[in-house]
DNA sequence: TCCTGTGAAATCTTTCACAGCT
DNA sequence: AGCTGTGAAAGATTTCACAGGA
């Protein structure tokens with residue numbers, strides 16, 4: 008969140024931001040910003056604020072986004088395709104280094120800079136240095152694919168299927184279910 | 008979350024679930040489930056658990072999902088298109104009742120059961136009983152569209168653009184930025 | 001015996017308020 | 001004067017533990 012806020016603050020305007028500047032942009036309070044950033048270490052300047060370029064570097068490093076993170080995309084349907092053309096990925100240092108799908112229509116086609124491979128050969132990712140996976144397959148197949156990914160040494164899964172995945176504790180799963188997010192809106196109307 | 012958990016529990020198996028059943032499925036603790044559900048009122052049976060059909064009805068009602076919620080989709084690009092074919096929406100009682108886009112290529116085409124209209128005519132939604140909007144447009148246009156939606160009386164916005172929206176307090180915005188979610192994964196690797 | 005509902009305790013998070021540096 | 005960094009206070013959430021109904 009802070010990284011994205013920083014992306015809206017070109018250094019041309021000013022070299023420094025205050026916690027209040029960031030807070031206003033994110034609609035949160037400034038002590039929150041200072042507390043959060045202080046967990047990464049103290050690198051602001053009293054009286055002046057945070058140097059934008061330094062802050063960006065520190066946050067990227069804390070999140071391990073300072074090196075390019077390779078990710079495999081499994082499921083190149085409409086959602087999967089939409090994701091690859093999403094500019095945000097590159098901004099945060101992600102690289103979709105491989106793509107797999109079950110549909111013959113899609114296998115062999117190019118998406119971004121990679122060729123879509125047969126999901127039956129998903130185990131090939133073992134040979135590449137890929138630690139993250141984006142799972143955009145139907146809910147019915149998600150657990151099955153997740154098991155293979157885990158066996159291949161994947162450490163983190165972004166799950167876009169509306170289901171819960173059983174994985175070992177060492178693997179981090181983040182599930183985004185758009186309908187669940189949408190579900191809370193009527194409550195506020 | 009609880010609603011989705013219930014969708015995995017067909018009543019054929021057993022008429023009742025315990026808070027522990029639900030907790031295990033969602034990877035949370037059972038007192039959490041009981042506390043949460045108790046805010047909606049007490050409708051479990053001691054010694055037996057919660058009657059699945061009753062629980063579903065109560066949760067749907069509490070979230071105002073017991074009536075069909077009409078939503079307008081703005082931006083029918085890859086992501087917008089992917090969303091309309093997402094089965095989760097119907098499951099939670101959402102109905103995409105209108106769709107708008109800026110591209111001539113897309114205007115006039117059908118998506119789901121509606122015809123894509125010109126976003127310049129977005130104000131037409133005033134005449135329909137639509138309270139929710141799904142915003143799947145580029146970040147540059149998101150605020151502009153949000154302003155129009157607010158002026159049209161929209162009460163809740165699901166924002167899929169990677170940016171922050173300024174809206175009056177009475178309007179609820181939920182932003183999903185997939186790259187932000189993905190960003191936390193490397194931290195755990 | 002099994003499981004809910006709920007006060008009380010424990011824990012976690014946010015906000016305050018101010019010392020101290022620039 | 002302006003803004004960070006941080007203990008302490010306030011607030012919110014989660015977990016415990018158990019009374020009590022089925």
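Residue numbers (the working numbering), protein chains in the order written: chain A, 8 to 196; chain B, 8 to 196.
Where a beta carbon is used, it is the ideal one built from N, C-alpha and C, also for glycine.
- Residue 39 of chain A counts as exposed, since fewer than 16 other C-beta atoms from the protein chains shown sit within 10 angstroms of its C-beta.
- According to DSSP, residue pairing for residue 124 of chain B in a beta bridge involves B:107.
- The beta carbon of residue 189 of chain A lies closer than 8 angstroms to none in the same chain, with the five residues before and after it left out.
- Here DSSP, grouped into helix, strand and coil, assigns residue 23 of chain A to strand.
- Assignment of beta-bridge partners to residue 168 of chain A by DSSP yields no partner.
- The criterion of a C-beta distance shorter than 7 angstroms is satisfied by residue 123 of chain B and residue 108 of chain B.
- Interface annotation for the region 184 to 196 of chain A against chain B: 184, 185, 186, 187, 188, 189, 190, 191, 192, 193, 194, 195 and 196, criterion Cβ-Cβ distance under 9 angstroms.
- Residue 56 of chain B has B:52 as its beta-bridge partners, per DSSP.
- When the beta-carbon positions are compared, residue 142 of chain B and residue 81 of chain B come within less than 7 angstroms of each other.
- When C-beta atoms of the region 97 to 105 of chain A are compared with those of the region 39 to 54 of chain A, fewer than three pairs fall below 8 angstroms, so the two segments do not count as touching.
- Leaving aside the five residues that flank residue 117 of chain A on each side, the residues in its chain whose CB is nearer than 8 angstroms to its CB run, in chain order, 123.
- Going by beta carbons, residue 192 of chain A and residue 179 of chain B fall inside the 7 angstroms limit.
- About 5 angstroms separates the beta carbons of residue 165 of chain B and residue 181 of chain B, which is inside the 8 angstroms limit, making them a contact pair.
- Counted as a single uninterrupted DSSP element, the alpha helix (DSSP H) harbouring residue 10 of chain B occupies residues 9 to 14.
- For residue 186 of chain A, the enclosing alpha helix (DSSP H) has its first and last residue at 185 to 190.
- Straight-line spacing of the CA atoms in residue 184 of chain A and residue 167 of chain A works out to 6 angstroms.
- Taking 7 angstroms as the threshold, the shortest C-beta distance from residue 47 of chain B to chain A does not fall below it.
- Separation of residue 194 of chain A and residue 84 of chain B (C-alpha to C-alpha, rounded to the nearest whole angstrom) is 28 angstroms.
- Rounded to whole angstroms, the separation of the alpha carbons of residue 62 of chain B and residue 186 of chain B is 35 angstroms.
- Contact of residue 139 of chain A with chain B is assigned, a C-beta pair being separated by under 7 angstroms.
- Around residue 169 of chain A, the beta-carbon contacts reaching into chain B at under 9 angstroms are 11, 14, 93, 94, 95 and 98.
- Closer than 7 angstroms to the CB of residue 181 of chain B there is at least one CB belonging to chain A.
- When C-alpha distances from residue 134 of chain A are compared across A:91, A:176, A:161 and A:119, the shortest belongs to A:161.
- When the beta-carbon positions are compared, residue 23 of chain B and residue 58 of chain B come within less than 7 angstroms of each other.
- Going by DSSP, residue 90 of chain A is part of the alpha helix (DSSP H) stretching over 85 to 91.
- At a beta-carbon threshold of 7 angstroms, the residues of chain A lying near residue 76 of chain B are 193, ordered along the chain.
- Exposure of residue 115 of chain A is indicated by the presence of fewer than 16 other C-beta atoms within 10 angstroms of its C-beta.
- Taking each of A:90, A:27 and A:51 in turn and checking the Cα distance to residue 140 of chain A, the smallest one comes out for A:90.
- Across the set B:196, B:163, B:148 and B:176, the C-alpha of B:163 shows the shortest separation from the C-alpha of residue 76 of chain B.
- Here DSSP, grouped into helix, strand and coil, assigns residue 117 of chain A to strand.
- Against residue 34 of chain B, the close residues of chain A are 171, in the order they occur along the chain (beta-carbon pairs closer than 8 angstroms).
- Where residue 77 of chain B is concerned, there is no enclosing alpha helix (DSSP H), although the beta strand (DSSP E) around it starts and stops at 76 to 81.
- Per the coordinates, the alpha-carbon of residue 150 of chain B lies some 48 angstroms from the alpha-carbon of residue 20 of chain B.
- Separation of the CB atoms of residue 12 of chain B and residue 33 of chain B is rounded to 6 angstroms, and the pair is thereby assigned contact status at 8 angstroms.
- Counting only Cβ-Cβ distances below 9 angstroms, residue 88 of chain A has contacts in chain B at 85 and 89, in chain order.
- Note: residue 143 of chain B is not bridge-paired with any residue in the DSSP secondary-structure output.
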